[in-house]
Each structure stands twice: as structure tokens, then as C-alpha cells.
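Here the structure comes first, spelled out in C-alpha cells, and everything after it is commentary.
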Amino acid sequence: NKDTSENEDSDSDAPQRVLVDTATNTLLFYGTESEARAVREIVSALDTAPRQVSLEARVVAVSKRAAKELGIDWSWSSLPQYPDVSRDVSGSWHVSGRNAGMDGTSAPGIIRFGRGPEGMPYEFYYTAAIRALVSEGKAKMLARPNVTTVQGREALINIGAEVPVPVVTTSNNVTTTGIEYREAGIILRYTPRVTADGNIVARVHTEVSTPVFVDDLKAYRFQKRSADTTVRLKNGETMVIGGLIDSDESRTLAKIPFLGDLPLLGAFFRTVRTSRNETELMIFLTAHVLDE
Numbered sequence: 025n026k027d028t029s030e031n032e033d034s035d036s037d038a039p040q041r042v043l044v045d046t047a048t049n050t051l052l053f054y055g056t057e058s059e060a061r062a063v064r065e066i067v068s069a070l071d072t073a074p075r076q077v078s079l080e081a082r083v084v085a086v087s088k089r090a091a092k093e094l095g096i097d098w099s100w101s102s103l104p105q106y107p108d109v110s111r112d113v114s115g116s117w118h119v120s121g122r123n124a125g126m127d128g129t130s131a132p133g134i135i136r137f138g139r140g141p142e143g144m145p146y147e148f149y150y151t152a153a154i155r156a157l158v159s160e161g162k163a164k165m166l167a168r169p170n171v172t173t174v175q176g177r178e179a180l181i182n183i184g185a186e187v188p189v190p191v192v193t194t195s196n197n198v199t200t201t202g203i204e205y206r207e208a209g210i211i212l213r214y215t216p217r218v219t220a221d222g223n224i225v226a227r228v229h230t231e232v233s234t235p236v237f238v239d240d241l242k243a244y245r246f247q248k249r250s251a252d253t254t255v256r257l258k259n260g261e262t263m264v265i266g267g268l269i270d271s272d273e274s275r276t277l278a279k280i281p282f283l284g285d286l287p288l289l290g291a292f293f294r295t296v297r298t299s300r301n302e303t304e305l306m307i308f309l310t311a312h313v314l315d316e
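Going by the numbering used here, the residue at position 235 of the sequence shown is 259; the numbering climbs one at a time, nothing skipped.
Given below as C-alpha cells:
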């Protein structure tokens, strides 16, 4: 026991052989030449810059019918398909029909693009198709943000606005009404990790919230749709998140002037048309590993 305590005392009294200066990010080492080489190898292996990943997101609102023209029906299939796309002499894109895609497996609502006919990437066909649908008025490009992050760190893309929400509080029998602001729109969280073979493993969270005003409550309620997934992609490969469907119902009143305003008899001279439009939100994500 005595020898052990003496050894512990001698170890505690021994001078430190490694000193760290955080102010200058410097490591000082005292020892033999062979020990210095070993420390140098360890530091070289550990002190490496984390790789960066650039993420391009394209957020597109597509009518439900146009989405089926693209060959995507989330209710029955999540397999990649490619449309028939062509470009005329004026440079305009056209899309029609669809062709069967290649077999594959993925989570419902998530598509990982592979290779299409003639070895062309599926992204080529979908980019052309989206351009055609936008030019025809069947789709709308909502946003195209680009963000760069270090692997292992979360990248956040927030497309939307803050909506005022009334909040009622009661204190000491006194009721007060205040206003809080809640974010609404599209929120995308993307956390990538680069593997040794250069592929990208990413954790993706997508959230779409839409404020809807309720007349009876004189306040907003929020419709929320979200998707979470973890995917493995090759460098430059594209994935798409879909199935985020929004429905909008509108009523149109058509009437004959004056006659349509008559009580009782006016109902025979006016008509109300109700239309329902379903829009599908599709988010295309393309990640690239940046060269060191």
C-alpha cells in the first residue's frame, strides 16, 4: 500500500508532457523523438477538416393530375418512373404520357433517382418535365434554395412567414389577450454524413404547415404535413419527397343581374359552382460533396 501511494504521489508530481493552448490552437509535446513521431501521426489522423456537402432543394407545387402525368402515384407505388419529354425547335419543353420505370425499393413517398433509359439519370427527365409543366401552368416553382453545411451538422431551410396567433392568458382574475407569432410554410432539416466511399447518408425532415382561418373562432388553425426519412445517395444523386397533398375548395356564384337578387325567385336565376383543386408539393433534393 505504501509503495502504491508513493507511486501515485510521484505521478501527480511529474511534469505534464502534453500542453494544449486553446488560444492559438497549439499542442505542445515533450518527449523522445519516437514518441514525437507517434504523436504527430495521431494528430495528422485526427486533425482533418470535416467534409462539406452542398444541398440544392427545388420546391414545386404540382396539380394532382400533372403529378400522375409524371408517373408518380404515391398511393400505390414509390418506384421511379420517367415521363415522355421532348423539346421543340423554339426551346419549349413538352411532356406527355409515361413509361414504366425500373424496379426498386424505397419508403412510400420517397423516391431515390437511379438511371433511366440509355443510362441517363432520372433527374434529367424530371427536370425537363417540371420545366414543361411550369411553362404550361400546371406546376409552380415555389423556391430553389441552396445551402452548404459540414457533415454531421444540420442544415435548415425555412420557406414561409410568421402568422399572428391570439393567445389568451389569465392572471389574478384578469384576462388579457396577446399575440404570438407562429412559423408557417415549408421547413426542411437536412443532416448529411459522408461515408468513406464518397456516398452521402442523410437524415431528412420535411414539414409543411398551412394556416387556415376559422371564422367561428376568429383565429387560425394549422394544417401540418411532415415526412422523416434516412437515405443513402451517391454524390450528385437526386431524391424527391412527395405525397404532401393540399386541397383547396372554392365556390363561385353566377347570377343574372337584378333577377338573381330577388328574394325566393332569385334562386332560379343564380347558380353556385363548387370546385375542388388538389395540389401536390414535391421537394427535389440534390446533394454534392464539395472537393477539399
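Built from N, CA and C at the ideal position, the CB exists for glycine as well.
Checklist entry - Is I183 closer than 7 Å to A167 when the C-beta atoms are compared? => result For A167 and I183, yes; Cβs fall inside 7 Å.
Checklist entry - Based on Cα-Cα distance, which residue from Q175, A47, T173 and V63 lies nearest to Y54? => result Cα-wise, what sits closest to Y54 is V63.
Checklist entry - Do you know offhand how far A220's Cα is from T303's? => result Straight-line measurement puts the Cα of T303 at about 40 Å from the Cα of A220.
Item to check | Candidates N49, T46 and V84: closest to V264 by CA position | outcome: Nearest C-alpha to V264 among N49, T46 and V84: V84.
Next on the checklist: Excluding the 5 residues flanking E186 on each side, which residues of the same chain have their C-beta closer than 8 Å to its C-beta?
Outcome noted: Only residues of its own chain outside the window of five on either side were considered, and among them Y205, R206, E207 and A208 have a CB closer than 8 Å to the CB of E186, listed in chain order.
Checklist entry - What's the gap between the Cα of S250 and the Cα of M165? => result Answer to the nearest angstrom: the Cα atoms are 20 Å apart.
Checklist entry - What separation, rounded to the nearest whole angstrom, lies between the Cα atoms of P104 and L288? => result In this predicted model, P104 has a pLDDT of only 42, less than 50, meaning its place in the structure is not dependable enough to derive any value.
Item to check | Contact belief for V255 with V228 at Cβ below 8 Å, rounded distance in angstroms | outcome: So it is a contact: roughly 7 Å between Cβ atoms.
Item to check | Pairwise C-alpha distance: M306 and V236 | outcome: One C-alpha to the other measures close to 21 Å.
Checklist entry - How would you write the range of the alpha helix (DSSP H) that A60 sits in, first residue to last? => result Taken as a continuous stretch (DSSP letters only), the alpha helix (DSSP H) holding A60 covers E57 to L70.
Item to check | Assigned secondary structure, G222 (DSSP; H/G/I helix, E/B strand, else coil) | outcome: Coil, per DSSP.
Checklist entry - The beta strand (DSSP E) with I181 in it runs from where to where? => result That run of the beta strand (DSSP E) goes A179 to S195.
Checklist entry - Is the beta carbon of P169 sitting closer than 7 Å to the one on A73? => result No, the Cβ-Cβ distance between P169 and A73 is not below 7 Å.
Next on the checklist: Just to confirm my understanding: we take D285, look at its own chain, exclude 5 residues before and 5 after, and list those with CB closer than 8 Å. What are they?
Outcome noted: Excluding positions up to five away in sequence, the list reads K279.
Item to check | CA-to-CA distance, T48 to K242, given in whole angstroms | outcome: A direct Cα-to-Cα measurement between K242 and T48 gives close to 59 Å.
Next on the checklist: For V191, tell me which candidate among G176, N197, Y244 and T172 has the shortest Cα-Cα distance.
Outcome noted: With respect to the C-alpha of V191, the residue from G176, N197, Y244 and T172 having the closest C-alpha is Y244.
Next on the checklist: Measuring straight from C-alpha to C-alpha, what distance separates P188 and F246?
Outcome noted: Rounded to the nearest whole angstrom, the C-alpha separation of P188 and F246 is 12 Å.
Checklist entry - When you compare only the Cα positions, how much space is there between R297 and L277? => result Going from the Cα of R297 to the Cα of L277 covers about 6 Å.
Next on the checklist: Within a Cβ cutoff of 8 Å, which residues of the same chain sit near T295, ignoring the five residues on either side of it in sequence?
Outcome noted: Around T295: L277, A278 and K279.
Checklist entry - Alpha carbon to alpha carbon, what distance is there between E261 and G176? => result Each residue's Cα considered, the two are about 19 Å apart.
Next on the checklist: I'd like to know whether the C-beta atoms of I224 and A311 end up nearer to each other than 7 Å.
Outcome noted: Between I224 and A311, the CB-CB gap stays under 7 Å.
Item to check | As assigned by DSSP and simplified to three states, the class of T254 | outcome: Strand at T254.
Next on the checklist: Can you check which of these residues, V198, R213, A163 and V174, is closest to L180 by C-alpha distance?
Outcome noted: Nearest C-alpha to L180: R213.
Item to check | Inter-residue CB distance, T234 and Q76 (contact presumed, cutoff 8 Å) | outcome: The distance from the Cβ of T234 to that of Q76 is about 33 Å, inconsistent with a contact at the 8 Å cut-off.
Next on the checklist: Using a 10 Å radius around the Cβ and a threshold of 16 neighbouring Cβ atoms, would you call P141 buried or exposed?
Outcome noted: Interpretation of P141 is limited by its pLDDT of 47, a score under 50 that renders its predicted location unreliable; the figure taken from the coordinates is listed afterwards. Burial call: exposed.
Checklist entry - What residues match up with Y54 in a beta bridge as DSSP calls it? => result Bridge partners of Y54: none, in fact.
Item to check | DSSP three-state assignment for A73, whether helix, strand or coil | outcome: Coil.
Item to check | Where L309 falls, given that 16 or more other Cβ within 10 Å makes a residue buried | outcome: That one is buried.
Checklist entry - Based on the DSSP output, what are the partners of P235 in its beta bridges? => result Paired residue(s): F246.
Checklist entry - Using the C-alpha atoms, what's the distance from T200 back to K248? => result About 28 Å.
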